[in-house]
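**Q** Everything in the sequence shown is counted per this note's numbering, starting at 217 for the first residue and increasing by one.
My questions all concern the structure below.
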Amino acid sequence: MSSQISFRKVTFLALVTMLFLAPTAKNSPNQIEDCEVTISIGDTTAFPNTTNIAIPIYIDHLPDTIIGFKLAIHLGRTGLIYFPSDSVTVYDTLFWKCNAYSGPNCIDSTSVFSDSPWDFFHVDSFEVFRANFDTAGTLIAGWEIVSATTYSEFSTIMIIAGIADIFGGPITPGFAPQSGGTFFNVLVDVFEFPDTLGDQIIPIRINTAFTDNFGIVTTDPDWSPWTFETYWDTNFFLCTEWDIDTTQDPPDTIECLSWQQTAGPSWDSIEVVLDSIASLDTLRICITDGSLEVLQSYVCGDANADGTAGNILDLTFLVDRIFRGGPPSDPMEASDLNCDGDGGNILDLTTAVDFIFRGGDPVCSAAECSK
Ligand SMILES: [Ca+2]
Ligand SMILES: [Ca+2]
Ligand SMILES: [Ca+2]
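In structure tokens:
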């Protein structure tokens, strides 16, 4: 009886044999210069309630031309920034070759490619969230497939993947070894949120925990960012439901109908399987995280941050700042009354005086302000 059980389990376990487990993180900053591929996320700033802020992803690499990749990019905090995305319906057509008919009905079929002979097809449709990115001027500009998805409308995880060249049409070669290039930009939106929030820095990371979520493909088919270690693993099982032949005396157990894996000590059968652990090869791949700092929101011209721009209190604030060593406005841009990019200097004071006492243009209305 037990040989039957084991045989069924062999079939079942064959499906789950190749388990890729989480790697151990070994990155440290002093390894960066030795890495064959270094991927870095830039540090960016943005104001609240702004959209399509570009987060640059940089790459340095020594091995052969890169022709494909897949990265999972995670925003380290929720509710502050997110990857904007649109829900779209994707259709996937599967073609089938019938192996055996019973009357008019196909009772056994095999999925085949559309350019092979096929007997019937069906169309699957499913919703996906497409995320925004920007490849203009980057190393993957012109790649034939680049696609990014998220899990929801306001997601903090983006999966982006690209393939330089697909069959047919022009040949897109990928990008050769280089240093300092921009891989691509991902786009984020920043929520409106209170300035009273103390820490406004959101870490941005690349997830390298699973082979499903991280890949770099070069023209060398033997090059991989992963190392694989295989080992024999013994699993124990305990039958939870037997098919019993009650015509026998005593009743005989025929076969096990369902079972559960157990750590022991009671078990009915064991299975020895070859497992594999994938680890990111940290001698080849180095990752450096980035961040987005959400700046304090401000009103242009409201140097003293009391909610009103360009009145006598703002003028007083500027006089204090310029002539009496007072504090700068926070942020600096709030006291840039003439919009020349430099806040809180004598030109801004002149703009305030002109407006308040001489009927000049309102603060923050200079031609530069509209740029
Ligand atoms: Ca092509
Ligand atoms: Ca003010
Ligand atoms: Ca200025």
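Note that CB positions come from ideal geometry on N, CA and C, so glycine has one too.
Taking the alpha-carbon of Arg537 as reference, which of Asp564, Leu496, Gly353 has the nearest alpha-carbon?
**A** As a first step, residue 537 must be located in the sequence shown, where it is residue number 321. Of Asp564, Leu496, Gly353, the residue nearest in Cα terms is Asp564.
**Q** Strictly closer than 7 Å from CB to any heavy atom of ligand 2: give me those residues in the order they appear in the chain.
**A** That gives Asp518, Ala519, Asn520, Ala521, Asp522, Gly523, Thr524, Ala525, Asn527, Leu529, Asp530.
**Q** Three-state secondary structure (DSSP) at Ile538?
**A** Translated into positions along the sequence shown, residue 538 becomes position 322. Ile538 falls in the helix class under three-state DSSP.
**Q** Does DSSP classify Ile382 as helix, strand or coil?
**A** If you number the sequence shown from 1, residue 382 lands on position 166. Looking at Ile382 - three-state DSSP - the assignment turns out to be coil, as it is neither helix nor strand.
**Q** Quick one: which unbroken alpha helix (DSSP H) runs of 4-plus residues sit fully inside the region 485-546? Chain order, please.
**A** As far as the region 485-546 is concerned, its whole alpha helix (DSSP H) runs of at least 4 residues are 528-539.
**Q** Can you check the region 260-285 for any beta strand (DSSP E) of at least 3 residues that lies completely inside it and give the ranges in chain order?
**A** Entirely contained in the region 260-285, the beta strand (DSSP E) runs reaching 3 residues are, in chain order, 266-277.
**Q** Per DSSP, what are the beta-bridge partners of Phe448 in this structure?
**A** Mapped onto the sequence shown, residue 448 falls at position 232. Inspection of the sequence shows that residue 448 is occupied by Trp rather than by Phe. Paired residues: Leu490.
**Q** Nearer than 7 Å: is that true of the beta carbon of Thr435 relative to any heavy atom of ligand 1?
**A** Position 219 of the sequence shown holds residue 435. Not so, every heavy atom of ligand 1 lies at least 7 Å from the Cβ.
**Q** Using the rule of at least 16 other Cβ atoms within 10 Å of the residue's Cβ for burial, across every protein chain shown, is Ile282 buried or exposed?
**A** The sequence position of residue 282 within the sequence shown is 66, counting from 1. With 16 or more other Cβ atoms within 10 Å, it is buried.
**Q** Kindly list the residues whose CB is nearer than 6 Å to the CB of Glu584, restricted to its own chain and excluding five residues on each side of it in sequence; keep chain order.
**A** As a first step, residue 584 must be located in the sequence shown, where it is residue number 368. Correct list, in chain order: Cys555, Asp556.
**Q** Do Ser474 and Thr456 have their beta-carbon atoms positioned less than 8 Å apart in this structure?
**A** For this step, residue 456 is matched to residue 240 along the sequence shown. For this step, residue 474 is matched to residue 258 along the sequence shown. Closer than 8 Å, so yes.
**Q** What separation, rounded to the nearest whole angstrom, lies between the Cα atoms of Ser395 and Ile275?
**A** As a first step, residue 395 is located in the sequence shown; it is residue number 179 there, counting from the start. As a first step, residue 275 is located in the sequence shown; it is residue number 59 there, counting from the start. Spanning the two alpha carbons is a distance of roughly 7 Å.
**Q** Can you check which of these residues, Gly526, Gln512, Ile417, Ala364, is closest to Ile373 by C-alpha distance?
**A** Residue 373 sits at position 157 when you count from the first residue of the sequence shown. Considering only alpha carbons, the answer is Ala364.
**Q** Would you report the Cα separation of Lys286 and Ile376, rounded to the nearest angstrom?
**A** Locating residue 286 in the sequence shown gives position 70, counting from the first residue. Locating residue 376 in the sequence shown gives position 160, counting from the first residue. Roughly 6 Å between the two C-alpha positions.
**Q** Can you check DSSP and say which residues form a bridge with Asp459?
**A** On the sequence shown, position 243 is the one that residue 459 refers to. DSSP lists Glu471 as partners of Asp459.
**Q** Write down the C-beta distance between Ser545 and Gly526 rounded to the nearest angstrom, noting that I regard them as a contact closer than 8 Å.
**A** Position 329 of the sequence shown, counted from the first residue, corresponds to residue 545. Position 310 of the sequence shown, counted from the first residue, corresponds to residue 526. That belief does not hold up - the Cβ atoms of Ser545 and Gly526 are roughly 13 Å apart, past 8 Å.
**Q** Excluding the five sequence neighbours on either side, which residues of its own chain have a C-beta within less than 7 Å of the C-beta of Pro547, listed in chain order?
**A** Numbered from 1 along the sequence shown, position 331 holds the residue referred to as residue 547. Closer than 7 Å at Cβ, skipping near neighbours: Leu511, Gln512, Tyr514.
**Q** If I follow the unbroken beta strand (DSSP E) through Val569, where does it start and stop?
**A** Counting from one through the sequence shown, the residue named residue 569 turns up at place 353. Note, Val569: premise wrong, no beta strand (DSSP E); alpha helix (DSSP H) at 562-574.
**Q** Quick one, are the C-beta atoms of Phe400 and Thr354 less than 8 Å apart?
**A** Taking the first residue of the sequence shown as position 1, residue 400 is located at position 184. Taking the first residue of the sequence shown as position 1, residue 354 is located at position 138. Yes, Cβ-Cβ distance for Phe400 and Thr354 is below 8 Å.
**Q** Let me make sure I understand the geometry here. Which of Trp359, Asp522, Pro393 has the alpha-carbon closest to that of Glu252?
**A** Here the question's residue 252 lines up with position 36 in the sequence shown. Checking every option, the nearest Cα to that of Glu252 belongs to Pro393.
**Q** Once DSSP output is grouped into helix, strand and coil, what is the label at Glu343?
**A** Working through the sequence shown from its first residue, we reach residue 343 at position 127. Strand, per DSSP.
**Q** Give the single residue among Thr446, Thr260, Gly358, Asp468 whose Cα lies nearest to the Cα of Ile417.
**A** Translated into positions along the sequence shown, residue 417 becomes position 201. Comparing Cα-Cα distances from Ile417 to each of Thr446, Thr260, Gly358, Asp468, the minimum goes to Thr260.
**Q** Can you round the beta-carbon distance between Val306 and Val344 to whole angstroms, since I take them to be within the 8 Å contact cut?
**A** Indexing the sequence shown from 1 puts residue 306 at position 90. Indexing the sequence shown from 1 puts residue 344 at position 128. With 8 Å as the limit, Val306 and Val344 qualify as a contact, their Cβ atoms being about 5 Å apart.
**Q** I believe Ser299 touches Val433 by the beta-carbon criterion, under 8 Å. Please report the beta-carbon distance rounded to the nearest angstrom.
**A** Numbered from 1 along the sequence shown, position 83 holds the residue referred to as residue 299. Numbered from 1 along the sequence shown, position 217 holds the residue referred to as residue 433. The displayed chain sequence assigns Phe, not Ser, to residue 299. Actually they are not in contact, since the Cβ atoms of Phe299 and Val433 sit about 24 Å apart, beyond 8 Å.
**Q** Less than 8 Å between the beta carbons of Trp442 and Asp522, yes or no?
**A** Residue numbering aside, residue 442 sits at position 226 when the sequence shown is read from its first letter. Residue numbering aside, residue 522 sits at position 306 when the sequence shown is read from its first letter. Contact flag unset, no.
**Q** Taking 7 Å as the line, does the beta carbon of Thr281 fall inside it for any heavy atom of ligand 1?
**A** For the purposes of this step, residue 281 is taken as the residue at position 65 of the sequence shown. No, ligand 1 has no heavy atom inside 7 Å of this Cβ.
**Q** Quick one, which of Ile271, Thr524, Thr326 has its alpha-carbon nearest Pro419's?
**A** Indexing the sequence shown from 1 puts residue 419 at position 203. The shortest C-alpha separation from Pro419 is found at Ile271.
**Q** Taking Ile289 as the reference, give the member of Asn348, Phe263, Val304, Gly319 with the closest Cα.
**A** To locate residue 289, count along the sequence shown from 1; it is residue 73. If we check each option's Cα against that of Ile289, Asn348 comes out closest.
**Q** How close, in whole Å, do the beta carbons of Leu534 and Ser551 come, if the pair is a contact with beta carbons under 8 Å?
**A** Residue mapping note: residue 534 aligns to position 318 of the sequence shown, counting from 1. Residue mapping note: residue 551 aligns to position 335 of the sequence shown, counting from 1. Between Ser551 and Leu534 the Cβ distance is about 6 Å, and since that is below 8 Å, they are a contact.
**Q** Please return the same chain residues whose Cβ sits closer than 8 Å to the Cβ of Phe430, not counting the five positions on each side in sequence.
**A** Along the sequence shown, read from residue 1 onward, the residue named residue 430 stands at position 214. Closer than 8 Å at Cβ, skipping near neighbours: Lys286, Leu287, Ala288, Ile422, Asn423, Thr424, Pro441, Leu496.
**Q** Would you call the region 456-468 in contact with the region 314-332, where contact means no fewer than 3 C-beta pairs closer than 8 Å?
**A** No, the region 456-468 is not in contact with the region 314-332.
**Q** Just verifying my parser: in three-state terms, what is the DSSP assignment at Ala550?
**A** Here residue 550 corresponds to residue number 334 of the sequence shown, with the count starting at 1. Looking at Ala550 - three-state DSSP - the assignment turns out to be helix.
**Q** Expressed to the nearest angstrom, what Euclidean distance is found between the alpha-carbon atoms of Ser327 and Val339?
**A** Taking the sequence shown and counting its residues from 1, one reaches residue 327 at position 111. Taking the sequence shown and counting its residues from 1, one reaches residue 339 at position 123. Their Cα atoms are separated by approximately 13 Å.
**Q** Among Ser492, Asp491, Asn451, Cys472, which one has its Cα closest to the Cα of Ala479?
**A** Reading the sequence shown from its first residue, position 263 is the one you call residue 479. Measuring from the Cα of Ala479, the nearest candidate turns out to be Asn451.
**Q** Any idea what DSSP makes of Ala316, helix, strand or coil?
**A** In the sequence shown, counting from the first residue as 1, residue 316 sits at position 100. Strand at Ala316.
**Q** How many angstroms separate the CA atom of Val579 from the CA atom of Gly542?
**A** The count along the sequence shown starts at 1 and reaches residue 579 at position 363. The count along the sequence shown starts at 1 and reaches residue 542 at position 326. Straight-line Cα distance between these residues: approximately 21 Å.
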